[in-house]
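Peer 1: Numbering (the working numbering), first residue to last: 7 to 424.
Glycine included, every Cβ here is placed at the ideal spot set by N, Cα and C.
These numbers were taken from a predicted model, which means no experiment stands behind them.
Sending over a structure as structure tokens; questions will come in a sec.
As structure tokens, then:
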């Protein structure tokens, strides 16, 4: 399914931009300077319309090609793929919906360079969804709706033109889209994580925000939360692609660091660390970890592409969606450990000088650890065990848990918003 020519051509087109983004990554990290310019460059270059079909003016690329490019971008600056994660999830949701009218309406905006953020999760005492959606006129649903409440972990929203949000009305979930400049919408850059500090993952508030009828994407019951979709796997794989890019960056930075050194611990006078077998071993290990992580991501992307293609021909079966979940969860278990090892191991080549804040090599571990914490691997590992031992798919287990709970529980990933 992978088209080597398509990737090669796009790589040549975007690599100069990725290099420019990478050149400013450390300065942005040092100053905590939000990456508005980098995001705007990606928009103007057409990066954010890569998955939009040719018929709608986009590049129409496959998922394996997309994830290869995301790894390249993450190597330059791992904040950037996370910033556009919700955007690509929104586009993928429109593709998966197979709703021609919705595609016509929204893809035109994507091709014009408009960007989406997400407002799904809440920072409350329980995993409930307190954001409400009420009819503007109870007697006329066509009159639109009114949105109220507060979301946190709103990745990318600080950079976006639109916010995809999930709200509750009459015990049902609603997926809605609102413009960030609509009256009553406020965004706050208050993300305080020690990694992915520029991802714009702070607070979004809705105060009597008008939502047009055509901006309601979907209404669904809690029991329909994970019905027949590969979107949750798509969101998970986005993080894994970013992690694979971090592993590549760790290898690159460690290599450049060693090549410029003329001294080593325990060796008198000047020396040539790049000729040291122990240092060579570390670099070799880093290269293997980066390669293995990238390979797992791209292999899993092929699985998701298979499901997408099956959807286009209306031949997708439940087993296809289950495989997407299982393969993504399995990749997660391995990629997280590999990248966290790589981002720690790189310090073995440099002694105390490798900890210099001017180099900010610590950003690789902090960013990887933050991404790894978004979807705790222990729960995915348990889901895998439940599947192999008892035949219970991750989606079925999730729905059963929420039906049993009976509350307006928060959604699993941003997937349910599209």
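If distances are taken between C-alpha atoms only, which option among 377, 349 and 371 comes closest to residue 338?
Peer 2: If we check each option's Cα against that of residue 338, 377 comes out closest.
Peer 1: Does the Cβ-Cβ distance between residue 206 and residue 161 come in under 8 Å?
Peer 2: Cβ distance < 8 Å, so residue 206 and residue 161 count as in contact.
Peer 1: Should the region 129-148 be regarded as contacting the region 97-117, the criterion being three or more beta carbon pairs within less than 8 Å?
Peer 2: The region 129-148 is not in contact with the region 97-117.
Peer 1: From this set, 128, 336 and 9, which residue's C-alpha is nearest residue 387's C-alpha?
Peer 2: Cα-wise, what sits closest to residue 387 is 336.
Peer 1: Determine the burial state of residue 262: buried for a count of at least 16 other Cβ atoms within 10 Å of its Cβ, exposed for fewer.
Peer 2: Per the 10 Å Cβ criterion, exposed.
Peer 1: Determine whether the beta carbon atoms of residue 89 and residue 165 lie at a separation below 8 Å.
Peer 2: The answer is yes: Cβ separation under 8 Å.
Peer 1: For residue 112, name the three-state secondary structure that DSSP assigns.
Peer 2: Helix at residue 112.
Peer 1: Look at the alpha carbon of residue 243 and the alpha carbon of residue 285, and state the distance between them as a whole number of angstroms.
Peer 2: About 32 Å.
Peer 1: For residue 141, which of helix, strand or coil comes out of DSSP?
Peer 2: Strand, per DSSP.
Peer 1: Three or more C-beta pairs under 8 Å: does that hold for the region 293-301 against the region 192-211?
Peer 2: With a cut-off of 8 Å, the region 192-211 and the region 293-301 do not count as touching, because too few Cβ pairs lie within range.
Peer 1: Helix, strand or coil: how does DSSP classify residue 421 here?
Peer 2: With a pLDDT of 43 at residue 421, under the threshold of 50, the modelled position of that residue is not reliable, and the figure given next carries that caveat. Looking at residue 421 - three-state DSSP - the assignment turns out to be helix.
Peer 1: Does residue 368 come out as helix, strand or coil in the three-state DSSP assignment?
Peer 2: Residue 368 falls in the helix class under three-state DSSP.
Peer 1: Taking the alpha carbon of residue 1 as the point to measure from, which residue in 195, 296, 363 and 390 has its own alpha carbon closest?
Peer 2: There is no way to answer for residue 1, as the model of the chain reaches only from 7 to 424.
Peer 1: Rounded to a whole number of angstroms, what is the C-alpha to C-alpha distance between residue 317 and residue 288?
Peer 2: Using only the alpha carbons, I get a separation of about 44 Å.
Peer 1: Reducing DSSP to helix, strand and coil, say where residue 26 ends up.
Peer 2: Of the three classes helix, strand and coil, the one that applies to residue 26 here is helix, per DSSP.
Peer 1: When the Cα of residue 188 is compared with those of 323, 214, 371 and 37, which residue comes out closest?
Peer 2: The option with the nearest alpha carbon to residue 188 is 214.
Peer 1: In terms of residues, what are the limits of the alpha helix (DSSP H) holding residue 171?
Peer 2: From DSSP, residue 171 is part of no alpha helix (DSSP H) but of the beta strand (DSSP E) over 168-175.
Peer 1: Hey, would you say residue 180 sits closer than 8 Å to residue 170, going by beta carbons?
Peer 2: Result no, Cβ atoms of residue 180 and residue 170 do not sit closer than 8 Å.
Peer 1: Going by alpha carbons, who is nearest to residue 465 out of 156, 144 and 152?
Peer 2: Since the first residue shown for the chain is 7 and the last is 424, residue 465 is missing from the structure and cannot be characterised.
Peer 1: Please state whether DSSP places residue 183 in a helix, a strand or coil.
Peer 2: Here residue 183 sits in strand by DSSP.
Peer 1: Under 8 Å, with one C-beta from each stretch per pair, do the region 360-369 and the region 324-334 reach the 3-pair mark?
Peer 2: No: the two stretches stay apart, fewer than three of their Cβ pairs being nearer than 8 Å.
Peer 1: Let me know if residue 332 comes out buried or exposed under the rule of 16 or more other beta-carbons within 10 Å of its beta-carbon.
Peer 2: Buried, since its Cβ has 16 or more Cβ neighbours within 10 Å.
Peer 1: By DSSP's criteria, residue 209 is part of a beta bridge. Which residues make up the other side?
Peer 2: Paired residues: 194.
Peer 1: Spell out the partners DSSP gives residue 154 in its beta bridges.
Peer 2: In DSSP, residue 154 forms a bridge with 138.
Peer 1: If we ignore side chains and look at the alpha-carbon of each, how far apart do residue 54 and residue 235 end up?
Peer 2: Going from the Cα of residue 54 to the Cα of residue 235 covers about 22 Å.
Peer 1: So what's residue 223 in DSSP terms, helix, strand or just coil?
Peer 2: Strand, per DSSP.
Peer 1: Would DSSP call residue 18 helix, strand or coil?
Peer 2: Helix.
Peer 1: I think residue 85 touches residue 41, with their Cβ atoms under 8 Å apart; what is that distance to the nearest whole Å?
Peer 2: That belief holds up - the Cβ atoms of residue 85 and residue 41 are roughly 6 Å apart, short of 8 Å.
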